[in-house]
Structures are given as C-alpha cells and as structure tokens.
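Engineer: In order, the protein sequence lines correspond to chains B, Z and W.
Here the first sequence is numbered in my numbering, starting from 2 and rising by one per residue.
Here the second sequence is numbered in my numbering, starting from 7 and rising by one per residue.
Here the third sequence is numbered in my numbering, starting from 326 and rising by one per residue.
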Amino acid sequence: MILTNIETVPGKTIVEHYGIVQGSTVRAKHIGRDLMAGLKNLVGGELKGYTELLQDSREQALARLSEQARELGANAVVNIRFATSSVAQGAAELFVYGTAVTVVDEMGEQ
Amino acid sequence: MQSKIPFIARSTDDTVNVSRTHPLAELFWMLGGLVVLCGIIFIALGIITDLVVARVPVKVERALRGIALDQYGGERHPALNEIAGNLLAQVPRDSPLHDYEINVYLMENEEINAVALPGGNIVVFTGLVAQVESENELAMVLAHEMGHFSHRDHLRGLGRGLGLAVIVSLLFGPDSSASDLVSGSLLSFQAHYSQDQEADADRYGLDLLVRSYGHAGGSIDFFERLAAQHPDRLPYLFASHPHPDARIAALKERIDSYGYPSQETIPLDSALYDVR
Amino acid sequence: MGEFILQHSDFFIFIFFVALGYGAGSLMERNHYRSIRKREQALLSLPVTTTEHESFIGSEIGEATLVVGSVVVSIDYFKRLLAILRNIFGGAVTSYESLVDRARREAILRMKEAARQQGAALVINLRLETSAIGQQANRKRQVGSVEAIAYGTAIILPAAPGDDG
C-alpha cells in the first residue's frame, strides 16, 4: 500500500479512484503511565509513554485506513491527512483519512 | 491535459474502525481486573501498615488524633473520663499506654459499640451506655479499648481504612458518590479488628479491671446480657467482634485459671444514668 | 432489603443509569448504524476525494461551492464508565471508537446529502474535524459529546446545452 500526503503518487499514474477511506483509533495509557507523566511535568522533558502511545495510535489508524483501501481494491492512498480530537480525557484520539486510488507505472499500462 | 480519473463506487467493510469486542465482556473483564487490583493494593497496604505501625512513635500518632475524632464527633464526658482515669492509674509504669492522652467521648448513636481512635481517644456510643448496668461493666469496655491502644490495634484498622479511602479517591475522584459510599463504610472498617486482636484486648481488659477494682465482678455481665437479648440476630457489635458466647467462655476460663474473685458491682454514676 | 437499597440509593441510581445507558445506548447505536449504512449505499455513486488535483475533477465544471455537514453525538453513561475504566488499564478505548466513527460518517453523509441537493457530481478537498463539546468530557456531571464536521468543495457540472431552452 502506497501512502502519500500529496495529491498524486510521483512517478505513477492514477487510473481509478474509490472515494475516501478513514482510519481512527482511541487509545489510553494505564494509570501508572499517567502518574509518571504527571511527575515528569515537574521537570519537563520527553514523555516517553505518551510518545509511544501516539505512535501506536498512528500506526493503528494507518493500518485501518490501509485495510479499508485494500478492501476497495486500491493500491495507494493519496492526500492523507491526520487529525485529532479530544472526547476522552487522557486518551489519544487520532484519525487519518485520504483518497483510495489505483496507480500504475507512468509508462506501462498496468 | 489529462482525462478524468474514473470513479469506482464500491462499498467497504464499515467495521474496520470499531473493535469487535463486546462492551459487556469488556466491562466485566475490567471490573474484575479492578477488583483484583484493589484487593492487591488493599492487602499490600494492610501488610505495610502492620509493619510500620509498631515503629510509629506515639507522638506522631497524637498528631492524627484530631482528624480521626472529627469523623465521629461527640462530647468529652467527665464521668466516663473518671472511670478511665482510675483504670489508667493501675496500668504498669512501663506500659506504652502512658504515652497516650486518654480521652473518652460520648457520641449519640444507637449502635452498641465503642471505638479506639488514634492518639488515645475512645468514643463510646450512647447505645452502649444504655445497655450497661454497672460501673464495672463500663470499666470493662474502656479497659478493653485500652487493650487495643496497648497493642496498637487501632492504627492497623486506621491504616487499612485510609488505604481504602486512597484507592477509592484515586479511582473515582475525591467527591464522587462511590467515595461517599466507601467513606460511609470506613467508620465500620476502622473499628474492625481481627478476632485474635479482640480476644487479646479482652484479656488485657479483664486483667486491668481486676487490678483496678480488686475483683472480676461485672466483667462478663455485659456480654451475657447482650447474648441473651440477641440469641440469633447479631447486632452491629458482633459483626466486628467474636460471638459473645465465645468471649464469655474465654473470659470465664481466664477468671478460673487466675482465681480472680468476684464481688458486688458498683452502680452506674447518675450522670451516665441520664444518658439512658 | 428495601431498607438497604434506600440507604445506598446513590449506588443503585448509579447502577440504574449504567443499565439504562447500556440498553438505550446500544439500541440507538444500532439504529444509527442501520440508517448510516442505508444512506451510504444511496450516496455511494457520489465521489468524494481529499485531493484537489485537476485529474480528479475533469474539465467540465459548471460551478463550485462549499458544502458542510456536521453532527454532535453524545456519549452514554455506560460508555463513559467503560472509558474511565479503560483509562486505568490502558489500551484501546473501544467504547469511544464507535462513537467517533458514527459521528464522522454521519457528518460526511450530511455533507454528501447537501452536495447532492445542489446537484453536485463530485466533492473535492474534503476535510474532517472532530472536537469535544464540554471539555474533559468524561468527568462527572459534564456533557460528554463529540462533534464532527466535514467540509469540501462540491463540483457541479455545467447544465447540458439542451436544458437551457
């Protein structure tokens, strides 16, 4: 699955498109991590637990997006956008959406 | 320049963004986990308090006295304090009990109970005074509570109660209905000792009573009366204490083996009669 | 027994709300999903893309106009309880996943419906936003809800020459 956040896939031609696909996830860290993050707030620095959380969320959201695109028969998703929301307190909510397309090599005919 | 990209209309599996776990299964797993987690924290706190408590100086404990007493309230009662003072005079010089400042409070409550609070405060419920017939019986109750102080049982109860309060306010926040519910039952938790601790306090109380009054009269009357009144349905006192019959048997055995004499009991002070 | 319930009334009220939240909440969710699926099928032929590339639009453009769809969906009591528990253990907050999913799809659907009403052939440059109304939404005594908004540019094809006369 080719994922880009520009409107095309460079070096390839889009031959079909299937509309939008989305992936979303809401994830929380356990309370111990939250407490540690609270302590870390006193001295500053990277919150490793939360970095990890966001990374996992992003990966899962992208995996869901790719899965949806695959079901549509697409082989690429272009113009991907990430967004966040904050419904749940202390949880990371990520969603990602893009346009599912089929691409072929610029020269060849699939 | 370029022809329009054709659109293929296809529908997808739309459940990709929603996990397939059943919400009720999730609830039960998590509630179960929570119970286990709380149980572990509670037991761990209990063990830690047991270890720490014996090393806490009485001075530190006295700093806590106000906090614990605020939960109960009640008024300092002169007649009760006099009985307690007489008992205290008979306690051996080297006893840790002398580090405490023993104060007895009377609280309006129908429960037949008395509690030992940190720092040396004893709270006697009016429900208990209403059941007592003589000064000796009341002295036995106070001596029993002093036994808890001497063995420092009261701190163990408090430590566990505090542990529970901490868990609940961590989980649900300090002003949720769940923490109200628990702090309500905290009162009974604080007064809840093991049966061994109660039996030890009974023995201590009996010895102190005999040292103070010269005889064991009145030591078991109170329990006998309660046992007769409530042959099967056990009131509050017995929920946290051993069965009165067991207590009576244990006390009788000690009276026999030590050869404690039994004499006439002293009638209750008029100030305490008014409480009834 | 009755006395016990009265004494701990707030506990039983809590249980009641959780049960109500679960019952009514899952019923509403099922109905909402049914309606979403039906309308999605109906609007399947209207393409929506996140790009603005001319190759998606083609050369025939009559008019272009902004179309917006938005919705606010509320959390139920049961979902909130699950989310609070989930915050203790960590992991996927599954109870909110369906909520956010529903809100976003509903917003896109409303946007597409608006586009179709205007006779659009295509919606380009779709953007999605989600926000929470009432901060710290899963705190007690606060409205927990999710707002989703979808917006894009609807491309309306030029009227066929024959239609003018």
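Even for Gly, the Cβ is constructed at its ideal location relative to N, Cα and C.
In angstroms with no decimal places, state the Cα-to-Cα distance between E107(B) and S395(W).
Structural biologist: Here residue 107(B) corresponds to residue number 106 of the first sequence, with the count starting at 1. Here residue 395(W) corresponds to residue number 70 of the third sequence, with the count starting at 1. Going from the Cα of E107(B) to the Cα of S395(W) covers about 39 Å.
Engineer: Find the residues of chain B that neighbour D426(W), judging by a C-beta separation of less than 7 Å, and give them in chain order.
Structural biologist: The residue given as residue 426(W) occupies position 101 in the third sequence. Within chain B, the residues near D426(W) are S25.
Engineer: Counting only Cβ pairs nearer than 8 Å, list the residues of chain Z close to T419(W).
Structural biologist: Translated into positions along the third sequence, residue 419(W) becomes position 94. What T419(W) touches in chain Z: V24, S25, T27, P29 and E32.
Engineer: If you run the structure through DSSP and keep just helix, strand and coil, what is G153(Z)?
Structural biologist: Translated into positions along the second sequence, residue 153(Z) becomes position 147. Helix.
Engineer: Tell me which residues of the segment 378-391 of chain W have at least one Cβ-Cβ distance to chain B shorter than 7 Å, keeping chain order.
Structural biologist: Listed in sequence order: H378, S380 and F381.
Engineer: If you pair each beta-carbon of the segment 9-24 of chain B with each one of the segment 83-102 of chain B, do three or more pairs fall below 8 Å?
Structural biologist: Segments in contact, yes.
Engineer: Show which residues of chain Z have a CB atom less than 7 Å away from the CB atom of L73(B).
Structural biologist: What you label residue 73(B) is simply residue 72 of the first sequence in a count that begins at 1. Here the neighbours are R16 and T18.
Engineer: What does DSSP give as the partner residue(s) for T27(Z) in the beta ladder?
Structural biologist: The count along the second sequence starts at 1 and reaches residue 27(Z) at position 21. Paired residues: none, contrary to the question.
Engineer: Would you give the residue range spanned by the beta strand (DSSP E) that D100(Z) belongs to?
Structural biologist: Locating residue 100(Z) in the second sequence gives position 94, counting from the first residue. Element bounds for D100(Z): n/a, residue is neither H nor E.
Engineer: Taking only the alpha-carbon atoms, compute the straight-line gap between F48(Z) and G38(Z) and give it to the nearest angstrom.
Structural biologist: Sequence index remark: in the second sequence, residue 48(Z) carries index 42 (1-based). Sequence index remark: in the second sequence, residue 38(Z) carries index 32 (1-based). Straight-line Cα distance between these residues: approximately 15 Å.
Engineer: Could you give the distance in angstroms between the alpha-carbon of F341(W) and the alpha-carbon of S334(W)?
Structural biologist: Here the question's residue 341(W) lines up with position 16 in the third sequence. Here the question's residue 334(W) lines up with position 9 in the third sequence. Rounded to whole angstroms, F341(W) to S334(W) spans 10 Å at the Cα level.
Engineer: How would you label N23(Z), buried or exposed, when you count the other beta carbons within 10 angstroms and need 16 or more for buried?
Structural biologist: Start at 1 with the first residue of the second sequence, and residue 23(Z) comes out as number 17. Result: buried.
Engineer: Within 8 Å (strictly less), CB to CB, does P483(W) reach chain Z?
Structural biologist: One-based indexing of the third sequence puts residue 483(W) at position 158. No, no contact with chain Z.
Engineer: Report all residues from its chain with a CB closer than 7 Å to the CB of G12(B); omit the five preceding and five following residues, and keep chain order.
Structural biologist: Taking the first sequence and counting its residues from 1, one reaches residue 12(B) at position 11. E107, listed in sequence order.
Engineer: When burial is assigned at 16 or more other CB atoms within 10 Å of the CB, is K258(Z) buried or exposed?
Structural biologist: Start at 1 with the first residue of the second sequence, and residue 258(Z) comes out as number 252. Flag for K258(Z) reads exposed.
Engineer: From which residue to which residue does the beta strand (DSSP E) around H18(B) run?
Structural biologist: What you label residue 18(B) is simply residue 17 of the first sequence in a count that begins at 1. Residues K13 to A29.
Engineer: Buried or exposed for L66(B), going by 16 or more other Cβ atoms inside 10 Å?
Structural biologist: In the first sequence, counting from the first residue as 1, residue 66(B) sits at position 65. Result: buried.
Engineer: What would DSSP say about V40(Z), mapped onto helix, strand or coil?
Structural biologist: Looking up residue 40(Z) in the second sequence gives position 34. According to the sequence shown, residue 40(Z) is Leu rather than Val. Helix.
Engineer: Give me, in chain order, the residues of the same chain whose beta-carbon lies closer than 7 Å to that of A70(B); leave out the 5 immediate sequence neighbours on both sides.
Structural biologist: By 1-based counting over the first sequence, the position of residue 70(B) is 69. M2, V22, V78 and A101, listed in sequence order.
Engineer: Start and end of the beta strand (DSSP E) containing G477(W)?
Structural biologist: What you label residue 477(W) is simply residue 152 of the third sequence in a count that begins at 1. Its beta strand (DSSP E) spans residues S470 to I481.
Engineer: List, in order along the chain, the chain B residues whose C-beta lies closer than 8 Å to that of I283(Z)?
Structural biologist: There is simply no residue 283(Z) to check, as chain Z begins at 7 and stops at 282 in what is shown.
Engineer: State buried or exposed for L232(Z), treating a residue as buried only when at least 16 other CB atoms are found within 10 Å of its CB.
Structural biologist: The count along the second sequence starts at 1 and reaches residue 232(Z) at position 226. Under this definition L232(Z) is a buried residue.
Engineer: So with CB distances below 7 Å, who are the chain A contacts of M152(Z)?
Structural biologist: Absence of chain A from the displayed structure is noted, the protein chains being B, Z and W.
Engineer: With DSSP collapsed to three states, give me the class of L51(Z).
Structural biologist: Against the second sequence, residue 51(Z) aligns to sequence position 45. L51(Z) falls in the helix class under three-state DSSP.
Engineer: Any beta carbon from chain Z within less than 8 Å of S470(W)'s own beta carbon?
Structural biologist: For the purposes of this step, residue 470(W) is taken as residue 145 along the third sequence, with counting starting at 1. So, not an interface residue.
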